[in-house]
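**Q** Mind having a look at this structure? Questions to follow.
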Amino acid sequence: MKIVALCGAGIGTSEILRVNAVRALERLDIEAEVSASDVAGVGVAAADAQVILTSPELVSAIGRTNADVVVIENYFDLDEITAKLEVAVG
């Protein structure tokens, strides 16, 4: 399984989300490849992803995808990320 954490520019914020997604997946005992990307690179980064994690503001920037788009309100809220990933991949 491939999951992409998406932010607006650079990879700072998406790296925070990526690290917390890995922690959430560990809680759920689910193995997945989790990468970080910005909006400019999402087409390539998420081409074969099953899940894209992003903020509400960036959903419209993703474009067409076969991945499940999971909106995360607070990138630091491990409980929120865990619950939403459980629904998406569990």
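Under full-length UniProt numbering, the first residue of the sequence shown is numbered 1, with each subsequent residue one higher. Even for Gly, the Cβ is constructed at its ideal location relative to N, Cα and C.
For A24, I'd like the list of residues in its chain whose CB is within less than 7 Å of its CB, leaving aside the five on either flank, ordered along the chain.
**A** These residues qualify, in order along the chain: L78, I81, T82 and L85.
**Q** Distance check for E73 and S35, CA to CA, integer angstroms please.
**A** Roughly 19 Å separates the two Cα atoms.
**Q** Quick one: give me the first and last residue of the beta strand (DSSP E) that I62 is part of.
**A** Run containing I62: none; DSSP gives neither H nor E here.
**Q** To the nearest angstrom, how far is it from the Cα of I62 to the Cα of G43?
**A** C-alpha separation (whole angstroms): 8 Å.
**Q** What's the C-alpha gap between D29 and V59?
**A** When rounded, the distance between both Cα atoms is 27 Å.
**Q** Whole angstroms is fine: what's the gap from I16's alpha carbon to I52's?
**A** The alpha-carbon atoms of I16 and I52 are separated by roughly 14 Å.
**Q** Answer with buried or exposed for N20, where buried requires no fewer than 16 other C-beta atoms within 10 angstroms of its C-beta.
**A** Its Cβ being crowded by 16 or more others within 10 Å, N20 is buried.
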